[in-house]
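Engineer: One line per chain: the protein sequences are A and B, in this order. According to our numbering, the stretch in the first sequence is residues 1 to 92, in order. According to our numbering, the stretch in the second sequence is residues 1001 to 1222, in order.
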Amino acid sequence: MMRQPLPWKRVLATTGVLLLLLVATLLLHREAPPGLSAVSGIGIALAKAALIGAFFMELARSGAVPRVFALAAPLWLLLMLAGTLADVLSRH
Amino acid sequence: VTTATPLIPDHAPRPVAHQFDDPDQQHHAVTIGVLAFLATEVLLFGTVLTGYTVGRIAHPGAFAEGSRALTLWIGAANTAILLCSSGAVALSVGAARAHRLKATRLALAAGILLGAAFLGLKAYEYWKDIAQDHLLPGAAFHPGEWSDPGAVSMFLFFYWTLTALHALHMLIGLAVLSFLALRLRTARALVRGRNTLHAAGLYWHFVDTVWVVLLPLLYMVK
């Protein structure tokens, strides 16, 4: 259940993985061509955000309702971006 | 005339507010309430990020030029600091749930200190941006140094807006965490305050997530 104590080993492991992903972001930024650098940078950022949500915010072991609330935010953001870009990109 | 004796004396720890049946229900309500609030925060940052996206599509070269002028090592170091701060706060929330007062306070203090270090480094970066690198359009900016000063100004507008908005959230989070660190000094206070700490932790992790997304968007445009 969610109110059980967070396993401290899992928190430390998550922090370690997040720091490794940061190093990967920096290395890819230095080595990769512009297009790949942008995709990898944003892709790794989203992976880091997912890890923070799953383990630090405990969504991985929460019930369905908190997950729905958490997923609503990126969904609305995606809708806003999609609606705006549909207009912008169709003009070019 | 008889005086009713309260079932729970005033001096006893009361982990559950009167409107909830049990601690699980209260915890659930706190989680959902904070997540609903954070959804509105995502849209607050989202409006600026949408503008950023449109600007970057229209002026990819100028956005890359502006991004190269920022100090990547500070952005990266601040990311590492904030990730560790988030980890420390998660440890504090876990320790509070396990009724470990000393560990709760220690991890919380580490989270606060790391958050303060982030803001200190950010303040140095702002000073460098203005005094050394002249990256503040309208006040400290040399248009002749850029190939497309108007579009670079647009990138820098997004940089200042997003990072200042994030720093404001950091300040609010630090104030809340510091208040909790002062308050959670006894076992009874820990029982009463652990849901508040859980809520503050969710907010702090959100602020961490925002920065994680800002790093590639602002500092790593090629």
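Don't be surprised by glycine CBs; every beta carbon is placed ideally from N, CA and C.
Assuming residue 1100(B) contacts residue 1194(B) (C-beta within less than 8 Å), just tell me the rounded distance between them.
Structural biologist: Indexing the second sequence from 1 puts residue 1100(B) at position 100. Indexing the second sequence from 1 puts residue 1194(B) at position 194. Residue 1100(B) to residue 1194(B), Cβ: 11 Å. No contact.
Engineer: Measure the C-alpha to C-alpha separation of residue 1186(B) and residue 80(A) and round it to an integer number of angstroms.
Structural biologist: One-based indexing of the second sequence puts residue 1186(B) at position 186. One-based indexing of the first sequence puts residue 80(A) at position 80. Cα to Cα, the separation comes out at about 46 Å.
Engineer: Considering just the uninterrupted stretch of the alpha helix (DSSP H) at residue 1052(B), what are its terminal residues?
Structural biologist: Working through the second sequence from its first residue, we reach residue 1052(B) at position 52. Residue 1052(B) -> alpha helix (DSSP H) spans 1023-1058.
Engineer: State buried or exposed for residue 1052(B), treating a residue as buried only when at least 16 other CB atoms are found within 10 Å of its CB.
Structural biologist: Start at 1 with the first residue of the second sequence, and residue 1052(B) comes out as number 52. When all chains shown are included, residue 1052(B) counts as buried.
Engineer: Short of 7 Å Cβ to Cβ, which residues in the segment 1026-1054 of chain B face chain A?
Structural biologist: Those residues of the segment 1026-1054 of chain B that come within reach of chain A (Cβ to Cβ, closer than 7 Å) are 1027, 1031, 1032, 1035, 1036, 1038, 1039, 1042, 1043, 1046, 1050, 1053 and 1054.
Engineer: Which term fits residue 89(A), buried or exposed, when burial requires 16 or more other beta carbons within 10 angstroms of its beta carbon?
Structural biologist: For this step, residue 89(A) is matched to residue 89 along the first sequence. By the 10 Å Cβ count, residue 89(A) comes out exposed.
Engineer: In the DSSP assignment, the alpha helix (DSSP H) including residue 1203(B) goes from what residue to what residue?
Structural biologist: The residue given as residue 1203(B) occupies position 203 in the second sequence. Its alpha helix (DSSP H) spans residues 1187-1214.
Engineer: Under 7 Å Cβ to Cβ from residue 1129(B), same chain only, skipping five residues before and after it: list those, please.
Structural biologist: Counting from one through the second sequence, the residue named residue 1129(B) turns up at place 129. So the list reads 1135 and 1136, once near-sequence residues are dropped.
Engineer: In the structure shown, what three-state DSSP assignment does residue 1184(B) receive?
Structural biologist: Taking the first residue of the second sequence as position 1, residue 1184(B) is located at position 184. Residue 1184(B) falls in the coil class under three-state DSSP.
Engineer: Counting only beta-carbon atoms, is residue 83(A) nearer than 7 Å to chain B?
Structural biologist: Position 83 of the first sequence, counted from the first residue, corresponds to residue 83(A). No, because no Cβ of chain B sits closer than 7 Å to the Cβ of residue 83(A).
Engineer: Assuming residue 1217(B) is part of the alpha helix (DSSP H), what are its boundary residues?
Structural biologist: The residue given as residue 1217(B) occupies position 217 in the second sequence. Note, residue 1217(B): premise wrong, no alpha helix (DSSP H); not H, not E.
Engineer: What is the rounded straight-line gap between the Cα of residue 4(A) and the Cα of residue 69(A)?
Structural biologist: For the purposes of this step, residue 4(A) is identified with residue 4 of the first sequence, where counting begins at 1. For the purposes of this step, residue 69(A) is identified with residue 69 of the first sequence, where counting begins at 1. Rounded to the nearest angstrom, the two C-alpha atoms are 21 Å apart.
Engineer: Are the segment 1205-1220 of chain B and the segment 39-46 of chain A touching, with three or more C-beta to C-beta distances below 8 Å?
Structural biologist: As far as the Cβ criterion goes, the segment 1205-1220 of chain B touches the segment 39-46 of chain A, which means the pair count is three or higher.
Engineer: Between which two residues does the alpha helix (DSSP H) carrying residue 1127(B) extend?
Structural biologist: Here residue 1127(B) refers to the residue found at position 127 when the second sequence is read from its first residue. First-last of the alpha helix (DSSP H) with residue 1127(B): 1101-1127.
Engineer: Strictly by DSSP, which residues pair up with residue 1141(B)?
Structural biologist: Within the second sequence, numbered from 1, the residue matching residue 1141(B) stands at position 141. Answer is 1135(B).
Engineer: Using DSSP with H/G/I as helix, E/B as strand and the rest coil, what is residue 1070(B)?
Structural biologist: Indexing the second sequence from 1 puts residue 1070(B) at position 70. Residue state, collapsed to three classes: coil.
Engineer: Under 7 Å, do residue 45(A) and residue 1176(B) count as touching if we go by C-beta distance?
Structural biologist: Mapped onto the first sequence, residue 45(A) falls at position 45. Mapped onto the second sequence, residue 1176(B) falls at position 176. The answer is no: Cβ separation not under 7 Å.
Engineer: DSSP three-state call for residue 1222(B): helix, strand or coil?
Structural biologist: Position 222 of the second sequence, counting from 1, holds the residue named residue 1222(B). The answer is coil: DSSP assigns residue 1222(B) none of H, G, I, E or B.
Engineer: Does any C-beta atom of chain A lie closer than 7 Å to the C-beta of residue 1092(B)?
Structural biologist: In the second sequence, counting from the first residue as 1, residue 1092(B) sits at position 92. Chain A contact via Cβ: absent.
Engineer: Any Cβ of chain B within less than 7 Å of the Cβ of residue 41(A)?
Structural biologist: Stepping through the first sequence from its first residue, residue 41(A) is reached at position 41. Cβ-Cβ to chain B under 7 Å: yes for residue 41(A).
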